[in-house]
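A short write-up of the structure that comes next.
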Amino acid sequence: MLSDDAIRNALDHALLNGADIISCSLGYPQPISLSTFISGYMRKLATEGRGGKGIPMFFAAGNANPASNNQPRQISDFAADPNAICVTASNSLDERSSYSYYGPNAFLCAPTNGNNGVGITTASCDISSDQRSVVLGYTSGFGGTSSATPLVAGVCALILSVNPNLTLGQIRGVLAESCDKIGPAGTYNSANHSIYYGFGRVNALRAVQLAAGQTGGAQPASTPSTPASTTKKGKVTSNKLNVRTGPSTTNKLVSTLQKGAVINLVEYVNGWWRIGQGQYVIDDYVQVIG
Numbered sequence: 002m003l004s005d006d007a008i009r010n011a012l013d014h015a016l017l018n019g020a021d022i023i024s025c026s027l028g029y030p031q032p033i034s035l036s037t038f039i040s041g042y043m044r045k046l047a048t049e050g051r052g053g054k055g056i057p058m059f060f061a062a063g064n065a066n067p068a069s070n071n072q073p074r075q076i077s078d079f080a081a082d083p084n085a086i087c088v089t090a091s092n093s094l095d096e097r098s099s100y101s102y103y104g105p106n107a108f109l110c111a112p113t114n115g116n117n118g119v120g121i122t123t124a125s126c127d128i129s130s131d132q133r134s135v136v137l138g139y140t141s142g143f144g145g146t147s148s149a150t151p152l153v154a155g156v157c158a159l160i161l162s163v164n165p166n167l168t169l170g171q172i173r174g175v176l177a178e179s180c181d182k183i184g185p186a187g188t189y190n191s192a193n194h195s196i197y198y199g200f201g202r203v204n205a206l207r208a209v210q211l212a213a214g215q216t217g218g219a220q221p222a223s224t225p226s227t228p229a230s231t232t233k234k235g236k237v238t239s240n241k242l243n244v245r246t247g248p249s250t251t252n253k254l255v256s257t258l259q260k261g262a263v264i265n266l267v268e269y270v271n272g273w274w275r276i277g278q279g280q281y282v283i284d285d286y287v288q289v290i291g
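Written as structure tokens, this is what we have:
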């Protein structure tokens, strides 16, 4: 099992070498909570990576439902961290893959194998039988949330290819808004979220089109009548504060801020603060500090 130091070293390597995206298909055999040390380091990548725009980190929800005790297992460890983007599994029939872990942390799903669906075919890289060369080919045997996750990470790469200046919050917003709602009626709640599919099945074309039409960057553009230097600052007072696409709890959740985070308060709208383009937080848990 990987130690906290080994995990930190891997994340640090990505940060120091300028990674734009992280895709991880790993997890613990038993449900656990991440250490404060690792959770804090993931928050560091989400806030300091990509020149302060934040690194999107995609984590596989996990497989093998129901677990060995024959009880459904929900998402835990890395995939449940608020700075992670958790990917669950669907199949070619736009059905839920029954082995996929699930829960409120699910952000979106992607096609892979499962139930009566057809699995994906992808490139493979193997060592030859004489152990002296690499054999390139294709395989249809790569499945589970372990293959769904890099698929979504690849879509994120397409998003950044057309708009590299998007912040992590904007990337999450693009992915959530562009998803296709799949599954039976009643699957999604009033916030358009499902514990099985997240905000839906990833749609590469719509995500790229949506990203191309957005202005990248976290800072709002200043106007002659409102200089950027007059923007108020606020501090998050709750342990976690949801960031939504609009000034209502019915709008989509795009990210979560931690207690003590300092944010720009751009505009006050009906009990909510706009903190960036398409990013709103409720004012109950924000202390105005300047």
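The sequence shown begins at 2 in our numbering and counts up by one. All C-beta atoms in this analysis are idealised placements derived from N, C-alpha and C, irrespective of residue type, glycine included. Note that the structure is predicted; figures quoted are calculated from it, not measured.
- The C-beta of Leu152 has 16 or more other C-beta atoms within 10 Å across all chains shown, which makes the residue buried.
- The shortest CA-to-CA distance from Tyr269 to any of Leu258, Ser93, Tyr281 and Ala62 is the one to Tyr281.
- At least 8 Å separates the beta-carbon of Ser98 from that of Ala85.
- Collapsing the DSSP output to three states places Val237 in a strand.
- Around Leu16, the same chain offers Lys45, Leu46, Glu49, Gly50 and Ile56 as residues with beta carbons nearer than 8 Å, after the five sequence neighbours per side are excluded.
- From the listed residues Gln31, Gly247 and Asp5, the smallest Cα separation to Gly170 is found for Gly247.
- Our two residues, Cys87 and Asn166, have alpha carbons roughly 22 Å apart in a direct line.
- Counting the other CB atoms within 10 Å of its CB gives Phe79 a total of 16 or more, which places it among the buried residues.
- With respect to Ala124, Tyr100 sits apart: the two C-beta atoms are not nearer than 8 Å.
- The three-state secondary structure of Arg97, taken from DSSP, is strand.
- Contact check for Val287 against Thr238 passes: the beta carbons are separated by less than 8 Å.
- Within the DSSP secondary-structure output, Gln280 pairs in a beta bridge with Gly277.
- Nearest in C-alpha terms to Gly279, of all of Asp95, Pro112, Thr216 and Leu137, is Thr216.
- Secondary structure in the segment 157-187: the alpha helix (DSSP H) runs of 4 residues or longer, each lying completely within the stretch, are 169-179 in chain order.
- When the five nearest sequence neighbours on each side are left out, the beta carbons in the same chain lying within less than 7 Å of the beta carbon of Arg245 are those of Asn252, Lys253, Leu254, Val255 and Tyr281, in order along the chain.
- Out of Gly28, Ser130 and Gly19, the CA that lies nearest to the CA of Gly52 is found in Gly19.
- Distances from the CA of Ile23 to each of Ile33, Phe59, Ser34 and Lys260 were compared; the closest alpha carbon is that of Phe59.
- Partner residues in the beta bridge of Glu268, as assigned by DSSP, are Arg275.
- When DSSP states are grouped into helix, strand and coil, Ala262 belongs to the coil group.
- Using a Cβ distance threshold of 8 Å, Val119 and Ile128 do not count as a contacting pair.
- The alpha-carbon of Arg173 is positioned some 17 Å away from that of Cys25.
- For the 8 Å CB-CB criterion, Gly235 and Trp273 do not form a contact.
- Going by beta carbons, Ala62 and Ala11 fall outside the 8 Å limit.
- Close CB contacts of Ala149 within its chain, under the 6 Å cut and outside five residues either way in sequence, are with Val88, Ala90, Ala111 and Thr113 (chain order).
- Measuring C-alpha to C-alpha distances from His194 to each of Gly214, Arg9, Glu178 and Asn116 identifies Glu178 as the nearest.
- By a beta-carbon distance limit of 8 Å, Pro83 does not contact Ile196. Their separation comes to about 16 Å.
- In this structure, DSSP gives Ser134 a state outside helix and strand, which the three-state scheme calls coil.
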